[in-house]
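Number of protein chains: 2
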Amino acid sequence: MEEIVKVAVDAMGGDNAPGEIVKGAAKALRENDNIYIYLVGQKDVIEKELESYEYPKERIEIVDAPDVIETAEPPVMAIRRKKESSMVIALKLVKDKVADAFVSAGSSGAILVGGQLIIGKAKGVKRAPLAPLIPTEKGASLLIDCGANVDARAEHLVQFAKMGSVYMENVVGINHPRVAIVNIGAEEEKGNALVKETYPMLKSLEDINFVGSIEARDIPRGDADVIVCEAFAGNVILKLYEGVGSVMLSVIKQGLLSSLRAKIGALLIKPALKKTLKKFDSSQYGGAPLLGLKGLVVKAHGSSTATEIANAIRQCIEFKQQNINNKITEALGDE
Amino acid sequence: MEEIVKVAVDAMGGDNAPGEIVKGAAKALRENDNIYIYLVGQKDVIEKELESYEYPKERIEIVDAPDVIETAEPPVMAIRRKKESSMVIALKLVKDKVADAFVSAGSSGAILVGGQLIIGKAKGVKRAPLAPLIPTEKGASLLIDCGANVDARAEHLVQFAKMGSVYMENVVGINHPRVAIVNIGAEEEKGNALVKETYPMLKSLEDINFVGSIEARDIPRGDADVIVCEAFAGNVILKLYEGVGSVMLSVIKQGLLSSLRAKIGALLIKPALKKTLKKFDSSQYGGAPLLGLKGLVVKAHGSSTATEIANAIRQCIEFKQQNINNKITEALGDE
Chain A
1 MEEIVKVAVD
11 AMGGDNAPGE
21 IVKGAAKALR
31 ENDNIYIYLV
41 GQKDVIEKEL
51 ESYEYPKERI
61 EIVDAPDVIE
71 TAEPPVMAIR
81 RKKESSMVIA
91 LKLVKDKVAD
101 AFVSAGSSGA
111 ILVGGQLIIG
121 KAKGVKRAPL
131 APLIPTEKGA
141 SLLIDCGANV
151 DARAEHLVQF
161 AKMGSVYMEN
171 VVGINHPRVA
181 IVNIGAEEEK
191 GNALVKETYP
201 MLKSLEDINF
211 VGSIEARDIP
221 RGDADVIVCE
231 AFAGNVILKL
241 YEGVGSVMLS
251 VIKQGLLSSL
261 RAKIGALLIK
271 PALKKTLKKF
281 DSSQYGGAPL
291 LGLKGLVVKA
301 HGSSTATEIA
311 NAIRQCIEFK
321 QQNINNKITE
331 ALGDE
Chain B
1 MEEIVKVAVD
11 AMGGDNAPGE
21 IVKGAAKALR
31 ENDNIYIYLV
41 GQKDVIEKEL
51 ESYEYPKERI
61 EIVDAPDVIE
71 TAEPPVMAIR
81 RKKESSMVIA
91 LKLVKDKVAD
101 AFVSAGSSGA
111 ILVGGQLIIG
121 KAKGVKRAPL
131 APLIPTEKGA
141 SLLIDCGANV
151 DARAEHLVQF
161 AKMGSVYMEN
171 VVGINHPRVA
181 IVNIGAEEEK
191 GNALVKETYP
201 MLKSLEDINF
211 VGSIEARDIP
221 RGDADVIVCE
231 AFAGNVILKL
241 YEGVGSVMLS
251 VIKQGLLSSL
261 RAKIGALLIK
271 PALKKTLKKF
281 DSSQYGGAPL
291 LGLKGLVVKA
301 HGSSTATEIA
311 NAIRQCIEFK
321 QQNINNKITE
331 ALGDE
């Protein structure tokens, strides 16, 4: 019999909450037999939303949480003060081992703070990085760290490299994932003080496949599987990826509407274009794990729809089955 | 009578040197009556290349330079040792006021080092930033700094904001350019230590139009005219822009070849698509100025063709006529 993975879902977090979150939870339950969901949030609101969907009722439980943490709230204060918020209550379910994982599309800052304060870091972990998968020409790479851990030190980046390797090897299934550090040139002597300090440390590690520096230009080409950087650079990379992609598509769309000839052409290319662009759409990956905690925390994009929420929930199965947290502790253990 | 702008062009720098550089110089001379060019490099090679083109011979002079600085050479050593290189000799023409400006598609590192060591920084300038124009949905923004000045301090970023404002106002012609600092959130309290220190300093300046933080996602939308950041982040932004753009186009092209229907559509949309994508092509801007020196230094992209070289040369006219260096010194003078 397959092991059941229990996921605490923050029904109130995100631009499309609670509607799309509840819909995504129902979808995840229908599609995966081995998931049990705690849907955490305002009980009456959730119950009403659930009425619209078909789902296996024996694998869902609503946990009432009257409060909601808004995106604009200062994270530390929100987590400390709003004890009755959906986020705090859901995180506590993971802390108390009632649930295995926590999924939320709510405030990134609050998720990062809450994950570390309530669930806590695993043994040996200095910082918990947020590590989304980003689409590349060849598939996907793990960008680690994109969280709120700005001003990281070299020892943190070394841990990110190890954790990222464990994730890509075990969850994504890539043998000996290529690990690279984000830099402004390919040569070892290039970079800022942090990169110059970290580079030789990564080079000396025997348990990861370090391939050197990666320039930002080569990230979308998929030249490495694990892209190590501190969170400020990671955040810039993640968001610029999104920004350039969406502006280019809008520029292309304008071009397709600029003449009758182009409009006819646009109708003909639409299905093929849609299919290939899907390859380059990060929403297929569902959410970004916050690695190195005592339980699993997955941050879904703020604008997530039901499909992305369902993907984020499904992602927890692999994470639990592969026992990633233990493997991370082992990988860091040799320090 | 219009003032003549004298430009020292490094004929040997760049992936397509000397062919495209010489061709670009001839083009710039044909198209602009008020330009005089010193074409610096191996005399016999340049003479042979020039034979293929029509150009006004009275406005060009070949300056022999037997040596070439290669892209892979460590910049400081290359500039110090290769006294007979095209780059060093061309930079000296600017230092000695023989030429007003220097244009090269060669090694970025060597151009940055050479500009500062040979031409020297203008009075009051703490660091000379490399500031390319990047395309946006609405036009173009100045990204300052993308150079080799990593690990910048807050006082440097403040100067970048002032220099960038002068450039956008006078060269690009934008009234009260909106200045923003690259950050990982819109709120004032967000950011790494450098941004947190710089933000209030920028906010207190009365002579620039500071609009606050900009997230990387909003850069391609053109939400600010002057994008201030330290060079590591700037370099990541510049190169990721290029990388995401080219990979997306290649993904789209694959899609257009995936079925007969799409192939026919592709033929129909081609002219319109080409026209709109041109709007989003950074090569139209020619080169990036290295601001804050005693003379003008323009870095063209390593892969520049004749058109980009001609654009980079033409760019020097506006810079000289608007007397940007003096305006920068004035803007920094109130410190």
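Going down the list, the sequences are from chains A and B. Quick note on numbering: our numbering labels position 317 of the first sequence as 317, and the sequence is numbered without any gaps. Quick note on numbering: our numbering labels position 121 of the second sequence as 121, and the sequence is numbered without any gaps. Just so it is clear, CB atoms sit at the ideal spot from N, CA and C, and this is done for glycine as well.
Below-8 angstroms beta-carbon distance, residue i vs any chain A residue
i	result
residue 87(B)	no
residue 110(B)	no
residue 280(B)	yes
residue 288(B)	no
residue 272(B)	yes
residue 154(B)	no
DSSP state of residue i mapped onto helix, strand, coil
i	result
residue 53(B)	coil
residue 73(B)	coil
residue 41(A)	strand
residue 266(A)	helix
residue 101(A)	strand
residue 114(A)	helix
residue 124(A)	coil
residue 141(A)	strand
residue 178(B)	strand
residue 31(A)	helix
residue 230(A)	coil
residue 303(A)	coil
residue 90(A)	helix
residue 150(A)	coil
residue 2(B)	coil
residue 107(A)	coil
residue 171(B)	helix
Contact set between residue i and chain B, taken where Cβ atoms lie within less than 8 angstroms
i	result
residue 179(A)	The premise fails here: residue 179(A) is roughly 18 angstroms from chain B at the closest Cβ pair, so nothing lies under 8 angstroms.
residue 137(A)	247, 250, 251
residue 17(A)	By Cβ distance, chain B contributes nothing, its closest Cβ being about 20 angstroms from residue 17(A), past 8 angstroms.
Where residue i meets chain A, residues with beta-carbon distance less than 8 angstroms
i	result
residue 150(B)	184, 191, 192, 193
residue 275(B)	255, 258
residue 221(B)	243, 247
Closer than 8 angstroms to chain B by CB, residue i
i	result
residue 129(A)	no
residue 269(A)	yes
residue 105(A)	no
residue 266(A)	yes
Residues that residue i contacts on chain B, provided the C-beta gap is smaller than 7 angstroms
i	result
residue 239(A)	215, 216, 217
Within chain B, the residues that residue i reaches when beta carbons sit closer than 9 angstroms
i	result
residue 78(A)	Neighbours of residue 78(A) on chain B: none; closest Cβ ~13 angstroms, over 9 angstroms.
residue 233(A)	232, 233, 236
Chain A contact residues for residue i, given Cβ-Cβ distances below 9 angstroms
i	result
residue 140(B)	Those do not exist, as residue 140(B) stays about 13 angstroms from chain A at its closest Cβ, beyond 9 angstroms.
CB contact check: residue i to chain D, cutoff 8 angstroms
i	result
residue 220(A)	Among the protein chains of the structure shown, namely A and B, there is no chain D.
In chain order, what residues of the stretch 250-264 of chain B put their CB closer than 8 angstroms to some CB of chain A? If the cut-off is 8 angstroms between Cβ atoms, the stretch 250-264 of chain B has 250, 251, 252, 254, 255, 256, 258, 259, 261, 262, 264 near chain A.
Segments assigned alpha helix (DSSP H), at least 4 residues, entirely inside the stretch 180-220 of chain A: Complete alpha helix (DSSP H) runs here, min 4: 193-203.
Of all the beta strand (DSSP E) runs that stay within the bounds of the stretch 233-301 of chain A, which reach a length of 3 or more residues? Within the stretch 233-301 of chain A, the complete beta strand (DSSP E) runs of at least 3 residues are 287-290, 296-300.
By the 8 angstroms beta-carbon criterion, what residues does the stretch 298-309 of chain B contribute toward chain A? Taking 8 angstroms as the Cβ-Cβ cut-off, the stretch 298-309 of chain B has no residue approaching chain A.
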